[in-house]
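Residues 535 to 616, numbered by our numbering, are exactly what the sequence shown covers, in order.
By construction, the Cβ of each residue, glycine as well, lies at the ideal position given by its N, Cα and C atoms.
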Amino acid sequence: MKLSTPLTTMRGCTNRGTNTRQNESLLLSIAIATMIIVFAGCKNNTDKMNETYNWPDIKPPVAAKKVKQLTAHNDLREDEYY
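Structure follows, in structure tokens:
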């Protein structure tokens with residue numbers, strides 16, 4: 535039995551070179567766009583870095599001391615924050 539069309543045409547491989555060039559072009563475009571985005575994000579903003587943060591004058595909480603003596607195994611210790 536003889537086929538009237540080549541085997542490559544039946545498999546749909548006739549445009550192999552065109553697709554490869556399109557894929558390379560697409561990958562190159564994506565790589566360039568990614569590099570532009572990365573380098574744009576790496577910009578140093580020295581204006582914000584030179585400003586010092588002014589902390590509010592709020593005192594931290596202090597735990598109340600309640601002394602309690604604890605005994606375990608004939609050992610006595612005092613816990614100031616019980």
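Proximal residues to residue i (C-beta, below 6 Å), its chain only, five neighbours per side dropped
| i | result |
| --- | --- |
| N588 | none |
| K600 | Y616 |
Spatial neighbours of residue i in its chain, beta-carbon cut-off 8 Å, leaving aside the 5 residues before and after
| i | result |
| --- | --- |
| K602 | E612, D613, Y616 |
7 Å Cβ shell around residue i - same chain, five flanking residues per side excluded
| i | result |
| --- | --- |
| A606 | none |
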